[in-house]
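Residue numbers (the working numbering): 20 to 360.
For glycine and all other residues, C-beta sits at the position ideal for the given N, C-alpha and C.
Heads up, the thing below is written out as structure tokens.
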Ligand code: FAD
Ligand code: EPU
């Protein structure tokens with residue numbers, strides 16, 4: 020067995036039978052075929068910033084280290100073809116330095132470019148879907164790479180076709196981004212709204228996003244975590260109105276007709292759970308949506324804490340939170356919601 024401690028951000032002790040860092044698509048195909056021949060499960064990993072290992076993984080972990088960025092342009096757009104193992108934040112910083120704008124709201128999101136489409140990463144009013152041109156996918160069974168347009172990826176809040184139709188036996192090997200030369204700042208979220216729309220630069224947006232994130236979110240290098248542990252829940256307009264009449268300041272974000280998204284962090288915070296700890300796992304004191312490893316957490320501590328948080332929020336608000344983090348068991352992904360129910 021090999022330790023996974025350097026391959027995920029929760030800093031929970033976990034192991035896998037084999038861990039392989041992959042730098043070429045041919046190597047990827049061979050490693051997958053070998054694992055299948057040995058009848059072993061395969062797990063794809065980027066930087067492990069959205070996973071919780073609930074058990075040791077009894078198979079082969081393929082770590083995406085496919086590198087390379089190609090830049091082309093026409094009169095209106097910059098086009099970036101980015102291999103999946105590139106670090107997402109480095110890509111954002113690099114593009115800014117090249118004078119290519121549009122990724123700045125997505126600064127400091129951990130993980131690989133190839134993982135970005137999987138849950139359609141989003142922050143500060145921008146989602147991956149807004150900058151995506153195409154996604155290149157390896158079909159392991161056929162040994163072929165095919166291309167999906169952004170609309171074929173069926174992006175929605177924290178989800179895509181890579182969690183459903185193309186979840187098993189498919190891997191994102193590259194992403195194509197399309198960024199307009201006529202840059203428009205997106206300043207609708209939080210403190211970004213205080214910036215001057217007509218004068219602001221992409222660098223200022225980047226700096227503000229980085230400052231806010233550093234103030235709220237724990238750095239995985241210092242404190243193990245996987246970002247927001249739960250998704251923000253979407254409720255019906257009717258349920259929202261009942262909640263709003265009791266809690267007039269409840270943060271909310273209108274969705275498609277008849278639905279409203281709530282802030283899970285606010286709900287957890289109102290339950291008085293900031294800093295609440297079970298074993299080595301705790302609710303982050305700066306941002307209640309993040310569960311952290313205080314140093315010696317086991318996966319059971321995190322699961323118990325997540326169960327407690329979910330129950331407390333349900334008891335107070337009649338809203339059931341679902342994990343955003345993907346739970347990995349002995350043979351692959353397990354149902355996270357059932358695990359904490
Ligand atoms: P991993 O954790 O390695 O993998 C995630 C899932 O995708 C797994 O199920 C894995 O099997 C699968 N997968 C990995 N690579 C591939 C591939 N190439 N093809 C197909 N499937 C694959 N997310 C946001 O959306 N917004 C945020 O603001 C944000 N902030 C965060 C802050 C912190 C401090 C942390 C720790 C996390 C945050 N996240 C955020 C979550 C995380 O950064 C994203 O989900 C990111 O895209 C995960 O990338 P990764 O490479 O680490 O993926
Ligand atoms: N809030 C509280 N207390 C808390 C946390 C939040 O009252 O402890 C309130 C805030 O004051 C604000 C609202 O809840 O009114 C929303 O908080 P915040 O702006 O921090 O964002 P979030 O909804 O908690 C989401 C994403 C983050 C993303 C930020 C910024 C999800 C699950 N999380 O968090 O993504 O960075 O918005 O856009 O959608 C992630 O997915 O891992 C992640 C970190």
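Q.
Going residue by residue through the stretch 138–205, where are the continuous beta strand (DSSP E) segments of at least 3 residues, counting only ones entirely within it?
A. Here the runs fully enclosed are 151–158, 163–168, 189–199.
Q | Integer-rounded CB distance, given that residue 151 should sit under 8 angstroms from residue 175 | A | Distance from residue 175 to residue 151 at the Cβ level is roughly 13 angstroms; contact not present, criterion being Cβ atoms closer than 8 angstroms.
(Q) Nearer than 7 angstroms: is that true of the beta carbon of residue 112 relative to any heavy atom of ligand 2? (A) Taking 7 angstroms as the cut-off, one finds no heavy atom of ligand 2 near enough to the beta carbon of residue 112.
Q.
Just to confirm the assignment, what range does the alpha helix (DSSP H) spanning residue 74 have?
A. Bounds of any alpha helix (DSSP H) do not take in residue 74, whose DSSP letter is neither H nor E.
Q. In the structure shown, what three-state DSSP assignment does residue 289 receive?
A. Helix.
Q. Taking all protein chains shown into account, do 16 or more other C-beta atoms lie within 10 angstroms of the C-beta of residue 179, making it buried, or fewer, making it exposed?
A. Classification for residue 179: buried.
Q | Burial state of residue 155 (16 or more Cβ within 10 Å) | A | Its Cβ being crowded by 16 or more others within 10 Å, residue 155 is buried.
Q) What residue range is occupied by the uninterrupted beta strand (DSSP E) comprising residue 345? A) Per DSSP, residue 345 belongs to the beta strand (DSSP E) from 345–347.
Q) For the stretch 210–256, which segments carrying the alpha helix (DSSP H) assignment without a break, of at least 4 residues, lie completely within its bounds, in sequence order? A) Fully contained in the stretch 210–256 are the following alpha helix (DSSP H) runs of length 4 or more, in chain order: 221–235.
(Q) Give me, in chain order, the residues of the same chain whose beta-carbon lies closer than 8 angstroms to that of residue 190; leave out the 5 immediate sequence neighbours on both sides. (A) For residue 190, same chain residues with a beta-carbon under 8 angstroms away, outside a window of 5 residues either side, are 47, 63, 81, 83, 103, 133, 156, 157, 159 in chain order.
**Q.** Assigned secondary structure, residue 94 (DSSP; H/G/I helix, E/B strand, else coil)
**A.** Under the three-state reduction of DSSP, residue 94 is assigned to coil, being neither helix nor strand.
Q: Ignore the nearest five residues each way along the sequence and tell me which others in residue 277's own chain have a CB closer than 6 angstroms to its CB.
A: Excluding residues within five positions, the ones whose Cβ falls inside 6 angstroms are 256.
Q: Ignore the nearest five residues each way along the sequence and tell me which others in residue 153's own chain have a CB closer than 7 angstroms to its CB.
A: Excluding sequence neighbours, residue 153 sits near 166, 167, 168, 169, 195.
Q. In chain order, what residues of the same chain lie with their CB nearer than 8 angstroms to the CB of residue 78, ignoring the 5 residues before and after it?
A. Cβ neighbours of residue 78 beyond the five flanking positions: 35, 36, 37, 54, 59, 60, 61, 62, 350, 351.
Q. Cβ of residue 239 within 7 angstroms of any heavy atom in ligand 1?
A. Yes; taking the cut-off as 7 angstroms, the Cβ of residue 239 has a heavy atom of ligand 1 nearer than that.
Q | Backbone CA spacing between residue 298 and residue 320 [nearest angstrom] | A | Those two C-alpha atoms are separated by around 6 angstroms.
Q: Kindly list the residues whose CB is nearer than 7 angstroms to the CB of residue 314, restricted to its own chain and excluding five residues on each side of it in sequence; keep chain order.
A: Cβ within range, chain order: 299.
Q: With a threshold of 7 angstroms, establish whether the CB of residue 285 neighbours any heavy atom of ligand 2.
A: Yes, since a heavy atom of ligand 2 falls inside the 7 angstroms radius drawn around the Cβ of residue 285.
Q.
Given this structure, state the Cα-to-Cα distance separating residue 44 from residue 85, to the nearest angstrom.
A. Per the coordinates, the alpha-carbon of residue 44 lies some 8 angstroms from the alpha-carbon of residue 85.
Q: Would you check whether ligand 1 has a heavy atom nearer than 7 angstroms to the C-beta of residue 135?
A: Residue 135: yes, Cβ under 7 angstroms from ligand 1.
Q) When burial is assigned at 16 or more other CB atoms within 10 Å of the CB, is residue 188 buried or exposed? A) Flag for residue 188 reads exposed.
(Q) At the level of alpha carbons, what is the spacing between residue 287 and residue 261? (A) Whole-angstrom Cα-Cα distance: 18 angstroms.
Q) Sorted by chain position, which residues of the same chain lie with C-beta nearer than 7 angstroms to residue 199's C-beta, five sequence neighbours on each side aside? A) Result list for residue 199: 95, 96, 121, in chain order.
Q: Output yes or no for whether 8 angstroms exceeds the beta carbon distance between residue 309 and residue 348.
A: Cβ distance not < 8 angstroms, so residue 309 and residue 348 don't count as in contact.
Q) Should residue 214 and residue 205 be called a contact, given that it needs their Cβ atoms to be closer than 8 angstroms? A) Residue 214 places its beta carbon 8 angstroms or farther from that of residue 205.
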